[in-house]
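Per UniProt numbering, the sequence shown starts with residue 1, numbered consecutively.
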Amino acid sequence: MLKIENIDVYYDKIHAIKNVSFEVRAGEVVSLIGANGAGKTTILKTISKLMEPTHGVILFDDQPLSKLAPHQMVYLGMAHVPEGRRVFAKMTVEENLYMGAYIRKDKTHIEKDLERVFEYFPRLKERTSQPAGTLSGGEQQMLAIGRALMSKPKLLLMDEPSMGLAPLLVQEIFNIIQEIKKSGTTILLVEQNANQALQIADRAYVLETGKITMSGNAKELLNDESIKKAYLGG
Numbered sequence: 001m002l003k004i005e006n007i008d009v010y011y012d013k014i015h016a017i018k019n020v021s022f023e024v025r026a027g028e029v030v031s032l033i034g035a036n037g038a039g040k041t042t043i044l045k046t047i048s049k050l051m052e053p054t055h056g057v058i059l060f061d062d063q064p065l066s067k068l069a070p071h072q073m074v075y076l077g078m079a080h081v082p083e084g085r086r087v088f089a090k091m092t093v094e095e096n097l098y099m100g101a102y103i104r105k106d107k108t109h110i111e112k113d114l115e116r117v118f119e120y121f122p123r124l125k126e127r128t129s130q131p132a133g134t135l136s137g138g139e140q141q142m143l144a145i146g147r148a149l150m151s152k153p154k155l156l157l158m159d160e161p162s163m164g165l166a167p168l169l170v171q172e173i174f175n176i177i178q179e180i181k182k183s184g185t186t187i188l189l190v191e192q193n194a195n196q197a198l199q200i201a202d203r204a205y206v207l208e209t210g211k212i213t214m215s216g217n218a219k220e221l222l223n224d225e226s227i228k229k230a231y232l233g234g
C-alpha cells in the first residue's frame, strides 16, 4: 500500500532523514520506534506532504505523491493524527468530527461512522456539545483519532498517540488501535512507547538519528536483547 524508497529529508542544512526505505502492506499495523529526535515525526510529515524529500520516492497504492498537495492525501485515502492532537479548540466535539468528513458526500454513511467513533470512544458522545479545547488530554487524543477516522481512510498515520497520557488511558488508546485494525484500516504508528507499539504491531522499523537500523517481525523485535536495552528498560 505504502512504499518509501530511499528518501532524504533536510531541515535547512540538517540532514534529518538519511536514505530511508520501508513499506506498509494493506491490513497491517507497522510501528516506527526510536528515541526522541530520531526523525519519526519528520517521516510522517513527509508522507502526508507537510514536508518534501530532497531525494527518493513515496508511493501510495502505486501512485507517486511527488506532485500532490497535503490536502489531496485525504482524497487518496490517507489520514494523519498529528503529534499534540491539534484539535479545533473552539469548535465542539461534534463539529470536530464532522470536519473530519468534509470531503465526503455520503451523508447516511457519515452518520454511521460517527456512531462507530462513539462506540470506540463513549466519552466523546457524552461531550458532543463541549468545546474541544476544554477536554482532557486523553479525550483530545480520542477526538483526534475519531476525526481522522471520519474521513474513512485506507491508511491511518498516527504520531505519538500515547504522549502525555496516564497509563490506563495509554492502554485504552492502544486497545482502540487494535480495534481500528480489525475494521480493515491499515496503520503506520510512530511511538516512543516501544513496548506498547511492538505488542500491537505486525512489523516494526527502528529509527536512529534519521536511519533505519533494524526491522522485522514486531514480536521478534520485542524479544531482541538490543531493543530491550535501548527502548524497553531491559
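Ideal Cβ placement from N, Cα and C applies to all residues, glycine included.
Since the structure is predicted, the reported quantities are computational estimates derived from the model, not experimental observations.
query, result
"For Thr-213, tell me which candidate among Glu-139, His-109, Ser-129, Ile-227 has the shortest Cα-Cα distance.", "Ile-227"
"Is the separation between the beta-carbon of Leu-156 and that of Val-93 shorter than 9 Å?", "no"
"Does DSSP classify Pro-153 as helix, strand or coil?", "coil"
"Between the Cα of Gln-141 and those of Leu-165, Lys-105, Leu-207, spot the shortest distance and give me the residue it belongs to.", "Leu-165"
"Residue ranges of each beta strand (DSSP E) run of no fewer than 3 residues wholly in the segment 50 to 119, ordered along the chain?", "55 to 60, 78 to 81"
"Using a Cβ distance threshold of 8 Å, determine whether the segment 147 to 155 contacts the segment 88 to 107, with at least three qualifying pairs required.", "yes"
"Less than 9 Å between the C-beta atoms of Tyr-120 and Ile-180, yes or no?", "yes"
"Of the choices Lys-18, Gly-27, Glu-23, whose alpha-carbon is the least far from that of Ile-200?", "Gly-27"
"Closer than 7 Å by C-beta to Lys-18: which residues in its own chain qualify, once you throw out the five before and the five after it? Chain order, please.", "Asp-8, Gly-210, Lys-211"
"Whose C-beta lies closer than 6 Å to the C-beta of Ala-79 among residues of the same chain, with five residues either side of it excluded?", "Ala-148, Ser-151, Pro-153, Leu-156"
"Just tell me which of Ile-176, Phe-22, Gln-192 has its CA closest to the CA of Thr-185.", "Ile-176"
"Taking C-beta to C-beta, are Glu-191 and Leu-32 nearer than 9 Å?", "yes"
"Indicate whether Val-81 and Asp-159 have their beta-carbon atoms separated by less than 9 Å.", "yes"
"Helix or strand or just coil, what does DSSP make of Arg-127?", "coil"
"Which residues does DSSP pair with Asn-217 in a beta bridge?", "Arg-203"
"For Ala-218, which residues of its own chain have a beta-carbon under 7 Å away from its beta-carbon, when the five flanking residues on both sides are left out?", "Ser-31, Leu-198, Ala-201, Asp-202, Arg-203, Ala-204"
"Assuming Ala-69 and Lys-49 are in contact, meaning their beta carbons sit under 8 Å apart, how far apart are those beta carbons, in whole angstroms?", "6 Å"
"Mind reading off the beta-carbon distance from Val-57 to Glu-5? Whole number of angstroms is fine, and I expect it under 8 Å.", "4 Å"
"When we look at the beta-carbon of Gln-72 and count the other beta-carbons within 10 Å, is it buried (16 or more) or exposed?", "exposed"
"If I'm right that residue 244 touches Ile-110 with Cβ under 8 Å, what's the distance once you round it to whole angstroms?", "Absent from the structure is residue 244, since the part of the chain shown begins at 1 and ends at 234."
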